[in-house]
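Residue 1 is where the sequence shown starts when you use this note's numbering, and the numbers rise one by one after that.
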Amino acid sequence: MSGLGGLPRLELGSRPSPLEHRSALAFGLDVDVDLWVKRDDLYGPGVGGNKIRKLEYVVADALQRGCDTLVTTGAVQSNHARLTAVAGAVCGLDVHLVLDGDPVEKSGGNLVLDRLAGAELHFVRTQTWDELNAATQAVADELAAAGRRCCVIPVGASMPLGAVGYADAYLELLGQLDEVGVQAEYLVHACGSGGTQGGLLAGRALAAGDGARAAQTVPSDAQSRVALPRVVGVDVARSKGELAPVVAEIAAGCLGLVGGDGAPAADDPVLVDGTGPAYGVVTPEGVDAITVALRTCGILLDPVYSGKALGALPELVEGGVIRRGATVVFLHTGGSPALFASSYSDAIVALL
């Protein structure tokens, strides 16, 4: 089927993902905002999550190009790797996952789903993104030499084509906000490799210009009625200085693909540090958010992305990044299988 900008898109999830009013969650976090949650954790197969929106475009393109194998990379408990494995299985493609870490005998969390989906796992040890990308390309080259037609997907599907999925999602959210009559000022989410943030910024630029009308995603009268929430990315993986140019490049490339006539605002992207000691290290603030979300709303967050992002909300308000009393949408990007990986669950229990 055709997606944003006429690009090919698979329909792997049911649209729109739910938008829920969660005042009890804000109260439990002791934060003075009117809180809504966009449930992309429920979007798509394989326990769902934000990477499915990206893969709808990336895998559609791979199929159109005649590829028979997907090759991608990530951490051992990568949500993107898990969802690539599932998307590939659903579409009849072989999947090879290059995972940065040591093989584990007792595979919990995402690794169970990787294997259930039939993915071939390659464990490597690297120190930099460049080394990990080189290891991934080496696997793809070996497969190509054996006659396979590979689509190599970067970590997180964070590339302009993948980001189109979140330009699309931003416009979807505007339609939902218009339907319920809510003027949201901020859209907060976890930002790792930059693709979701880049796509959301591109979607905001489209909505601010004429591109959304051309895409026929949001009616022009709705655009005039609904505020365009500012995108606030909680960086959980890189330093802000390293991530900001990556996000800007992805957003610009995304707009180029969909024929957008807008551009991200001069003060975008808004990136705040929520990493803690390091990427993937469980934090007390993240565990607090996970606990409050489950006990007030029955919502599962994860310790690497969504838990840290929601856990940063009180600090965002205290620090003036988000106005007190504002209407805030929290984009839940998924990741709950990590709760069931011993590498994270033991650390979570220790902080309860």
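All C-beta atoms, glycine included, are put in the ideal place defined by N, C-alpha and C.
Partner residues in the beta bridge of Leu19, as assigned by DSSP, are Lys38. The continuous alpha helix (DSSP H) containing Ile348 extends over residues 342 to 351. Inter-residue distance for Asp141 and Cys150 is about 9 Å (C-alpha atoms, whole angstroms). By the CB criterion at 7 Å, Gly233 and Gly195 fall outside the cutoff.
With contacts defined as CB atoms closer than 7 Å, Ala227 and Gln197 fail to qualify as a contacting pair.
If you ignore the 5 residues before and after Asp168, its C-beta comes within less than 6 Å of the C-beta of Leu4, all in its own chain and listed in chain order.
Ranked by Cα distance from Phe27, the first of Leu42, Gly192, Gly256, Ala293 is Ala293. Residue environment analysis places Asp130 among the exposed positions, since fewer than 16 neighbouring C-beta atoms fall within 10 angstroms of its C-beta. Under the 10 Å beta carbon count, Gln77 is surrounded by 16 or more other beta carbons and is classified as buried. Inside the stretch 153 to 240, DSSP marks whole alpha helix (DSSP H) runs of 4 or more residues at positions 160 to 180, 195 to 208, 211 to 215, 220 to 225, from first to last along the chain. Ranked by Cα distance from Val37, the first of Arg15, Asp273, Thr327 is Thr327. Around the C-beta of Thr69, 16 or more other C-beta atoms lie within 10 Å, and the residue is accordingly described as buried. Around the beta carbon of Ala81, 16 or more other beta carbons lie within 10 angstroms, which makes this residue buried. Residues Pro8 of the same chain have their beta carbon placed closer than 7 Å to that of Gln64, with the five preceding and five following residues left out of the count.
For Gly74, the enclosing beta strand (DSSP E) covers residues 69 to 75. The C-alpha of Val282 lies about 36 Å from the C-alpha of Val180. Bridge pairing for Leu331: Lys38 [DSSP]. Per the Cβ contact rule, the stretch 107 to 120 is in contact with the stretch 85 to 98 (3 or more Cβ pairs under 8 Å). The beta carbons of Ser343 and Leu300 sit about 17 Å from each other, so the pair does not count as a contact at 8 Å.
By the neighbour-count criterion, in which a residue is buried when 16 or more other Cβ atoms sit within 10 angstroms of its Cβ, Gly49 is buried. In this structure, Tyr170 lies near Arg204, with their beta-carbon atoms less than 7 Å apart. In this chain, Val272 is not harboured by any alpha helix (DSSP H); it is covered by the beta strand (DSSP E) spanning 270 to 273.
Under the three-state reduction of DSSP output, Glu131 falls in the helix class. Taking every protein chain shown into account, the CB of Arg125 has fewer than 16 other CB atoms within 10 angstroms, so this residue is exposed. Looking at the backbone, the Cα of Ala190 and that of Ala60 are separated by about 25 Å.
Distances from the CA of Val31 to each of Ala350, Arg324, Asp302 were compared; the closest alpha carbon is that of Arg324.
Counting only the Cα atoms, Gly6 lies some 28 Å from Arg148.
Counting only residues of its own chain and dropping the five nearest sequence neighbours on each side, Ser23 has a CB closer than 8 Å to the CB of Asp34, Leu35. In this structure Leu351 touches Pro284 by the C-beta definition: roughly 6 Å separates them, less than 8 Å. When rounded, the separation of the alpha-carbon atoms in Leu173 and Val349 is 35 Å. Boundaries cannot be given for Leu339, as no beta strand (DSSP E) includes it and DSSP labels it neither H nor E. In this structure, DSSP gives Glu285 a helical state, which the three-state scheme calls helix.
In its chain, beyond the 5 residues on either side, Gly194 have a beta carbon closer than 7 Å to the beta carbon of Val246.
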